[in-house]
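Presented below is the structure to which this report refers.
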Amino acid sequence: MAEVVVVGAGNAAFAAAVSAAEQGARVTVLERAPEPLSGGNTRFTAGAMRFAYDGVDDLRRLMPDLTDQEVAATDFGAYTESQFFEDMGRITEHRTDPDLCELLVTRSQPTMLWMAERGHRFAPIWGRQAFKVDGRFKFWGGLTVEAVGGGPGLVAAWTKIAQAAGIEVLYGARAVSLVADDAGVRGVRVKQDGRTREMAADAVVLAAGGFQANTEWRTRYLGAGWDLAKVRGTRFNTGDGLRMALDIGAMPTGQWSGCHAVGWERNAPEFGDLAVGDGFQKHSYPFGVMLNARGERFLDEGADFRNYTYARYGREILKQPLQFAWQVFDAKVRHLLRDEYRIKQVTRVTAQTLEELAGKLEDVDAAAALATLTAYNAAVRTDIPFDPNVKDGRRTEGLAIPKSNWANTLDEPPFEAYAVTCGVTFTFGGVRIDTAGQVLDVDLAPIGGLYAAGEMVGGLFYENYPGGTGLTAGAVFGRIAGASAGAAAITGL
36 MAEVVVVGAG
46 NAAFAAAVSA
56 AEQGARVTVL
66 ERAPEPLSGG
76 NTRFTAGAMR
86 FAYDGVDDLR
96 RLMPDLTDQE
106 VAATDFGAYT
116 ESQFFEDMGR
126 ITEHRTDPDL
136 CELLVTRSQP
146 TMLWMAERGH
156 RFAPIWGRQA
166 FKVDGRFKFW
176 GGLTVEAVGG
186 GPGLVAAWTK
196 IAQAAGIEVL
206 YGARAVSLVA
216 DDAGVRGVRV
226 KQDGRTREMA
236 ADAVVLAAGG
246 FQANTEWRTR
256 YLGAGWDLAK
266 VRGTRFNTGD
276 GLRMALDIGA
286 MPTGQWSGCH
296 AVGWERNAPE
306 FGDLAVGDGF
316 QKHSYPFGVM
326 LNARGERFLD
336 EGADFRNYTY
346 ARYGREILKQ
356 PLQFAWQVFD
366 AKVRHLLRDE
376 YRIKQVTRVT
386 AQTLEELAGK
396 LEDVDAAAAL
406 ATLTAYNAAV
416 RTDIPFDPNV
426 KDGRRTEGLA
436 IPKSNWANTL
446 DEPPFEAYAV
456 TCGVTFTFGG
466 VRIDTAGQVL
476 DVDLAPIGGL
486 YAAGEMVGGL
496 FYENYPGGTG
506 LTAGAVFGRI
516 AGASAGAAAI
526 TGL
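Numbering (the numbering used here), first residue to last: 36 to 528.
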């Protein structure tokens, strides 16, 4: 029987495994982590997935249990393929690979439906992507749906689906190299229980993530200072899959100097903690201001919806003295802060006056911080209405660094501040694939029997990232790569 080996056990890997099995191949999944820590970065996500839809009818196809009352109380809007294309172009400075981007966008909804048909459940992201205004929720930023149970729920559902499809998952099985010759890839060398052996395969799908957990590679490719960043997710994504592919001549592509990096709890551990999950993130900064150690603002907190700025603002925080910042809010917006601000593992200070607050900001020039906050308050255009669901144009005027939207004065106690640093999610550099998911070599010729998906695919993201696109891209290209690998294994072509 035709054999397909999938390296990795996150969202992209399982999509590839299930898709290959649907072609009639026998599939084995190699997961480097032990089972309790399995699932790669997927397990650490909140489970949000961006896809194109034309209205609520499309959403009801995906989520048939949406009630009429929920629909009546919500403005779901639409997120068309044109809007998705526009966001991918704008956010990546129009560097995204056009062929891969077209696949991502046009197959986003069909892939979501494919997942639902196989047992995944989805729900609207009520609490994080919609605010209630005048008694009605309104979704914003093109991101409407999440997997039930978040990242852990997504991994659990994929595992159940894979078991039902007869797919074998080997845990604690680290792929160390590819078995290849002039004709292409013939298998994988895998180390499990202290022993290394060869597994023959008619096709291999690499879906082992980026290199964000490899301190040396971060410094080599992302640059000086990136060894000081926290890692949001799994400690097992050290670039093994990329190294294996490059070792046999795969073409590197994409922005190897770039990554998805966010504001992350300053005192979080070195790697992600499954007990906390995504709770260390701090993404409500559009409703406040951020101060560095000099007591200065250093970016436009309201430049765009959080979905379109959070993945690059981690880089800006890392550039600051001591690689940290404080996010400052007042009582007016307390109800808008996401649940991640309410976890116990948080570095927070509170005060009744701005002067008192400035004095409590550890490692910050208190006098400069107070001056910055005072100048900010004086610059806010309070005559423009505040609306968290739209880019409201409520801005500052006269400041060297403006705040373009959601600029509320900080004048209602109690005041709160949260300490954040940079948290790396995944790296943007990867290997070049064609539209069938097959890995290309340095001469741009297909490498026989080798496919890639997920964070290992280079060329999609540059400089920035639209929130929720990673899981969707993983599923889309996992499904494509798995189908291609399965078909190639069956036919021998």
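Ideal placement from N, C-alpha and C gives every residue a C-beta, glycine not left out.
Open item on the list: Contact defined as beta carbons within less than 8 Å: I believe G298 pairs with G184. What is the distance between those atoms, to the nearest angstrom?
Closed with: One-based indexing of the sequence shown puts residue 298 at position 263. One-based indexing of the sequence shown puts residue 184 at position 149. Not quite, the Cβ-Cβ distance comes to about 25 Å (not below 8 Å), so this is no contact.
Checklist entry - Is it true that the CB of G276 sits closer than 9 Å to the CB of A210? => result Looking up residue 210 in the sequence shown gives position 175. Looking up residue 276 in the sequence shown gives position 241. Going by C-beta atoms, A210 is nearer than 9 Å to G276.
**Asked** According to DSSP, which residues form a beta bridge with S212?
**Response** Locating residue 212 in the sequence shown gives position 177, where the first residue counts as 1. DSSP, once it has assigned bridges, lists R224 as partnering S212.
What residue does the beta strand (DSSP E) around I352 start on, and which one ends it?
Numbered from 1 along the sequence shown, position 317 holds the residue referred to as residue 352. From DSSP, I352 is part of no beta strand (DSSP E) but of the alpha helix (DSSP H) over Y345 to L353.
task = Hey, could you find the ends of the alpha helix (DSSP H) P159 is sitting in?
result = Here residue 159 refers to the residue found at position 124 of the sequence shown. From DSSP, P159 is part of no alpha helix (DSSP H) but of the beta strand (DSSP E) over F157 to P159.
- request: Would you tell me roughly how many angstroms separate the C-alpha atoms of D400 and F315, rounded to the nearest one?
  value: The residue you call residue 400 lines up with position 365 of the sequence shown. The residue you call residue 315 lines up with position 280 of the sequence shown. Going from the Cα of D400 to the Cα of F315 covers about 25 Å.
Check: Can you give the Cα-Cα distance for A452 and T344, rounded to whole angstroms?
Finding: Here residue 452 refers to the residue found at position 417 of the sequence shown. Here residue 344 refers to the residue found at position 309 of the sequence shown. One C-alpha to the other measures close to 20 Å.
- Span of the alpha helix (DSSP H) holding E66? Numbered from 1 along the sequence shown, position 31 holds the residue referred to as residue 66. Per DSSP, E66 belongs to no alpha helix (DSSP H); it is in the beta strand (DSSP E), R61 to E66.
Buried/exposed call for V140, threshold 16 Cβ in 10 Å: Residue mapping note: residue 140 aligns to position 105 of the sequence shown, counting from 1. Buried is the call here.
Query - Beta-carbon gap between A520 and A238 smaller than 9 Å - result: On the sequence shown, position 485 is the one that residue 520 refers to. On the sequence shown, position 203 is the one that residue 238 refers to. In this structure, A238 lies closer than 9 Å to A520 by Cβ.
Buried versus exposed call for T417 [16 or more other C-beta atoms within 10 Å across all chains shown]:
Locating residue 417 in the sequence shown gives position 382, counting from the first residue. The residue is exposed, with fewer than 16 neighbouring Cβ atoms inside 10 Å.
* To do: Leaving aside the five residues before and after T507 along the sequence, list all residues of the same chain whose C-beta is less than 6 Å from its C-beta, in chain order.
  => For the purposes of this step, residue 507 is taken as residue 472 along the sequence shown, with counting starting at 1. Cβ within range, chain order: M84, R85, F86 and S143.
Review point. How far does the beta strand (DSSP E) with I482 in it reach, from first residue to last?
Key: For the purposes of this step, residue 482 is identified with residue 447 of the sequence shown, where counting begins at 1. Unbroken beta strand (DSSP E) run through I482: P481 to A487.
Quiz item: Any idea if V477 is buried or exposed, counting beta-carbon neighbours within 10 angstroms, 16 or more meaning buried?
Solution: One-based indexing of the sequence shown puts residue 477 at position 442. Its Cβ having fewer than 16 others within 10 Å, V477 is exposed.
**Item:** Element boundaries [beta strand (DSSP E), containing W149]
**Value:** Counting from 1 along the sequence shown, the entry for residue 149 is found at position 114. W149: not part of any beta strand (DSSP E); member of the alpha helix (DSSP H) spanning S143 to E152, first to last residue.
In chain order, what residues of the same chain have a beta carbon less than 6 Å from the beta carbon of P187, not counting five sequence neighbours either side? Residue mapping note: residue 187 aligns to position 152 of the sequence shown, counting from 1. Leaving aside the five residues that flank P187 on each side, the residues in its chain whose CB is nearer than 6 Å to its CB run, in chain order, R78.
- Task: Confirm, please, whether the CB-CB distance from L94 to E159 is below 9 Å.
- Result: Sequence index remark: in the sequence shown, residue 159 carries index 124 (1-based). Sequence index remark: in the sequence shown, residue 94 carries index 59 (1-based). First, the amino acid is wrong: residue 159 is Pro here, not Glu. Yes.
So the candidates are H295, N443, A406 and R347; which of them puts its Cα closest to the Cα of T80?
Start at 1 with the first residue of the sequence shown, and residue 80 comes out as number 45. Among H295, N443, A406 and R347, the Cα nearest to that of T80 is on H295.
R301 and T385 - do their beta-carbons sit closer together than 9 Å?
Residue mapping note: residue 385 aligns to position 350 of the sequence shown, counting from 1. Residue mapping note: residue 301 aligns to position 266 of the sequence shown, counting from 1. Their beta carbons are not under 9 Å apart, which means T385 does not touch R301 by this criterion.
For this session: Along the beta strand (DSSP E) that carries W361, what are the first and last residues, could you check?
Result: On the sequence shown, position 326 is the one that residue 361 refers to. Where W361 is concerned, the enclosing beta strand (DSSP E) stretches over A360 to F364.
*When the cut-off is 9 Å and only beta carbons count, does R142 lie next to chain C?*
Among the chains in the structure shown there is no chain C, since it carries only a single protein chain.
**Item:** C-alpha distance - S292 paired with L357, whole-angstrom precision
**Value:** What you label residue 292 is simply residue 257 of the sequence shown in a count that begins at 1. What you label residue 357 is simply residue 322 of the sequence shown in a count that begins at 1. Taken atom to atom, the span from the alpha-carbon of S292 to that of L357 is near 21 Å.
**Prompt:** Which residue spans inside the region 289 to 350 form an unbroken beta strand (DSSP E) run of at least 3?
**Reply:** You should have 294 to 300 and 324 to 326.
- Query: Cα-Cα, which of K438, G527, G312 and E137 is closest to Y320?
  - Reply: Translated into positions along the sequence shown, residue 320 becomes position 285. Residue K438 is the option with its Cα nearest to Y320.
_Option nearest V168 by Cα separation, candidates T462, L479 and P423_ = Along the sequence shown, read from residue 1 onward, the residue named residue 168 stands at position 133. Nearest option by C-alpha distance: P423.
Exercise for review: State the Cα-Cα distance for the pair L101 and A108, rounded to the nearest angstrom.
Suggested key: In the sequence shown, residue 101 corresponds to position 66, counting from 1. In the sequence shown, residue 108 corresponds to position 73, counting from 1. In a straight line, the C-alpha of L101 is about 11 Å away from that of A108.
Task: Span of the alpha helix (DSSP H), counted from its first residue to its last, around M234 - done: Numbered from its first residue, the sequence shown carries residue 234 at position 199. Counting along the chain, M234 falls outside any alpha helix (DSSP H), though it belongs to the beta strand (DSSP E) covering R230 to A235.
Please return the same chain residues whose Cβ sits closer than 6 Å to the Cβ of F306, not counting the five positions on each side in sequence. For the purposes of this step, residue 306 is taken as residue 271 along the sequence shown, with counting starting at 1. Within the same chain, F306 has close Cβ partners V266 and R270.
Practice prompt. Evaluate P133 with the Cβ neighbour count: other Cβ atoms within 10 Å of its Cβ, from every protein chain shown; 16 or more gives buried, anything less gives exposed.
Written response: For the purposes of this step, residue 133 is taken as residue 98 along the sequence shown, with counting starting at 1. Label assigned to P133: exposed.
Out of curiosity, what's the CA-to-CA distance linking I202 and G45? Here residue 202 refers to the residue found at position 167 of the sequence shown. Here residue 45 refers to the residue found at position 10 of the sequence shown. Approximately 14 Å between the Cα atoms of the pair.
Exercise for review: Could you say if the region 461 to 480 and the region 329 to 346 meet the contact criterion of at least three C-beta pairs nearer than 8 Å?
Suggested key: no
Is I468 helix, strand or coil by DSSP?
-> Locating residue 468 in the sequence shown gives position 433, where the first residue counts as 1. In this structure, I468 counts as strand in the three-state DSSP scheme.
Item to check | Contacting residues, own chain, Cβ-Cβ under 7 Å from N249 (five flanking each side not counted) | outcome: Here the question's residue 249 lines up with position 214 in the sequence shown. Residues T273 and G274 of the same chain have their beta carbon placed closer than 7 Å to that of N249, with the five preceding and five following residues left out of the count.
State the Cα-Cα distance for the pair A182 and D110, rounded to the nearest angstrom.
Start at 1 with the first residue of the sequence shown, and residue 182 comes out as number 147. Start at 1 with the first residue of the sequence shown, and residue 110 comes out as number 75. Whole-angstrom Cα-Cα distance: 20 Å.
**Prompt:** Are the Cβ atoms of T131 and F496 separated by less than 9 Å?
**Reply:** Locating residue 131 in the sequence shown gives position 96, where the first residue counts as 1. Locating residue 496 in the sequence shown gives position 461, where the first residue counts as 1. Yes, they are a contact pair.
| Going by C-alpha distance, which of N499, C136, A48 and N412 is nearest I126? | Sequence index remark: in the sequence shown, residue 126 carries index 91 (1-based). Comparing Cα positions, the closest option is N499.
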